[in-house]
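In full-length UniProt numbering, the protein residues as written are 1 to 434. Built from N, CA and C at the ideal position, the CB exists for glycine as well. Let me begin by presenting the structure, written as structure tokens, before commenting on it.
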């Protein structure tokens, strides 16, 4: 069949069929990228009916196939590129509209879960070995929480751990949402984060284990479960809702989206600006099981409590019994694979959202933590069980929690909770000099 006849036939195809037929052979590939064909598609989808545009019926050799999800630069008149750029912009706009309503308790978008489902957002991991070979895996399961989402990957075909160098976490969304089956259409990919697997002892910390697996925590909320023979059992990622949609959809294939630094206006009339008005929302959970979900308002730090480069925010005081909170004694971090499942005792996911005095997120984390037996004994509850403590630290701050085991009620009691904020981060945010 002459190319002119094929081109005429191709002009009647929809976008999904055109992309599919372009994979048949070199001739179909070239014809399916014809600029005139894509101009008609673009005009039908985006241009007003009353406008008439003229173009020459010449195949644009410079309009090459655009790899997805990354749309590479091409001529401004490449209508295939223009079409997909418009499609992506329209989808982003609709998702941004969903993220506008804010939850007054958490300071986060109220409809993040709905936005994830509406955009068909998924997360994939890419394992790269030391020879450059790549192994990609789509998410196996997902669990939505109040301020975070936990994503799971597990199967029976993991590459050997000792051959792997890097793991990449991507957010992916379909470009032709609702027009073609998502698994067959083009996807836009955004790099969320990457982790080095070559040196586990340096790049990760073991936070718990059971009879079958050991759980290692990398940066942020990324976790790797290993069988006792040091082979991969599963991968988990706990992702906080703060700017999650933006990081998972607005980045590129090679460079993650970096959040802009928020600076508050400096008020010289307030000598303690940046020391008060904080609000904390904390959620302790595991795979949909909420152990604690509480909000604490009007947190502050006196200047005399600024020590060793940290502001001290007392959330639950050891001396104020009315503030103490019970915690389910059967806590544990759930895991599963295709064949096994279990619970790592004394571990859970901590979702922490700290807002400043203007109700803007200051510190947001979703990380696995473990409780450890404390060497100190309780004088307030000396007749009860042993004491436990929980510590977490990153570049923004620290979290310290003390718990006491209550045998009669089979639960823990949180008797002390303190948030420490880096003075460097506070000064950068508020323009102060503490």
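Element boundaries [alpha helix (DSSP H), containing residue i]
| i | result |
| --- | --- |
| residue 30 | 26 to 31 |
| residue 200 | 200 to 203 |
| residue 150 | Premise fails: residue 150 lies in the beta strand (DSSP E), 148 to 153, not in any alpha helix (DSSP H). |
| residue 344 | Premise fails: residue 344 lies in the beta strand (DSSP E), 341 to 345, not in any alpha helix (DSSP H). |
| residue 35 | 35 to 46 |
| residue 4 | 3 to 10 |
| residue 244 | 244 to 249 |
| residue 18 | 15 to 21 |
Proximity below 8 Å, CB of residue i to CB of residue j
| i | j | result |
| --- | --- | --- |
| residue 333 | residue 215 | yes |
| residue 310 | residue 108 | no |
| residue 165 | residue 191 | no |
| residue 396 | residue 244 | no |
| residue 328 | residue 365 | no |
| residue 122 | residue 175 | no |
| residue 343 | residue 285 | no |
| residue 248 | residue 221 | no |
| residue 276 | residue 357 | yes |
| residue 106 | residue 353 | yes |
| residue 218 | residue 254 | no |
| residue 293 | residue 208 | no |
| residue 102 | residue 149 | no |
| residue 423 | residue 306 | yes |
| residue 139 | residue 158 | no |
| residue 39 | residue 86 | no |
| residue 392 | residue 369 | yes |
| residue 351 | residue 145 | yes |
| residue 335 | residue 234 | yes |
| residue 386 | residue 363 | no |
| residue 137 | residue 124 | yes |
| residue 331 | residue 291 | yes |
Neighbourhood of residue i by C-beta distance below 6 Å, restricted to the same chain and skipping five residues each side
| i | result |
| --- | --- |
| residue 18 | 32 |
| residue 54 | For residue 54, the pLDDT reaches just 48, beneath the cut-off of 50, and the residue's location in the model is therefore unreliable, leaving the point undetermined. |
| residue 69 | Residue confidence for residue 69 is low, a pLDDT of 37 falling below 50, so the modelled location carries little weight; the figure read from the coordinates is stated next. Closer than 6 Å at the Cβ level, and outside the excluded window around residue 69, lie 187, 188 and 189. |
| residue 58 | Residue placement at residue 58 cannot be trusted, given a pLDDT of 40 that sits under 50; what the coordinates show is reported in the next sentence. None. |
| residue 272 | none |
| residue 402 | 389, 415 and 416 |
| residue 60 | Below a pLDDT of 50, predicted positions are generally treated as unreliable, and residue 60, at 43, falls in that range; no measurement from the model is reported. |
| residue 4 | none |
| residue 168 | 126 and 194 |
| residue 287 | 143 and 334 |
Which residues DSSP lists as bridging residue i, in chain order
| i | result |
| --- | --- |
| residue 359 | None, per the DSSP bridge assignment. |
| residue 86 | Answer is none; residue 86 lacks a bridge partner. |
| residue 398 | 393 and 420 |
| residue 332 | 345 |
| residue 135 | 127 |
| residue 109 | 102 |
| residue 196 | 166 |
| residue 371 | None, per the DSSP bridge assignment. |
| residue 323 | Note: residue 323 sits in no beta bridge, so no partner. |
| residue 351 | 283 and 366 |
| residue 158 | Paired residue(s): none; residue 158 is not in a bridge. |
| residue 188 | 173 |
| residue 404 | 387 and 413 |
| residue 314 | 418 |
Beta-carbon separation (whole angstroms), residue i vs residue j, contact threshold 8 Å
| i | j | result |
| --- | --- | --- |
| residue 232 | residue 161 | 6 Å |
| residue 204 | residue 224 | 7 Å |
| residue 299 | residue 323 | Not confirmed; about 12 Å, so no contact. |
| residue 13 | residue 21 | 7 Å |
Chain-order list of residues whose beta-carbon lies under 8 Å from that of residue i (same chain, five-residue window excluded)
| i | result |
| --- | --- |
| residue 420 | 310, 311, 312, 313, 397, 398, 399 and 400 |
| residue 6 | 27, 28 and 31 |
| residue 211 | 342 |
| residue 251 | 171, 190, 191, 192 and 257 |
Beta-carbon proximity list for residue i, same chain, < 7 Å, skipping 5 on both sides
| i | result |
| --- | --- |
| residue 426 | 274, 311, 432 and 434 |
| residue 281 | 105, 106, 147, 295 and 353 |
| residue 82 | 42 |
| residue 340 | 212 |
| residue 410 | 329 |
Boundaries of the beta strand (DSSP E) in which residue i is found, first to last residue
| i | result |
| --- | --- |
| residue 214 | 213 to 217 |
| residue 387 | 387 to 393 |
| residue 237 | 232 to 240 |
| residue 307 | Here residue 307 belongs to no beta strand (DSSP E), and DSSP marks it neither H nor E. |
| residue 172 | 164 to 174 |
| residue 293 | 289 to 299 |
| residue 286 | 278 to 286 |
| residue 142 | 141 to 144 |
| residue 257 | Segment: none, residue 257 is in no beta strand (DSSP E) and carries neither H nor E. |
| residue 225 | 222 to 227 |
Heavy atom of the ligand SAH within 7 Å of residue i beta-carbon
| i | result |
| --- | --- |
| residue 206 | In the structure shown, the ligand SAH is absent, as is every other ligand, since no ligand is present at all. |
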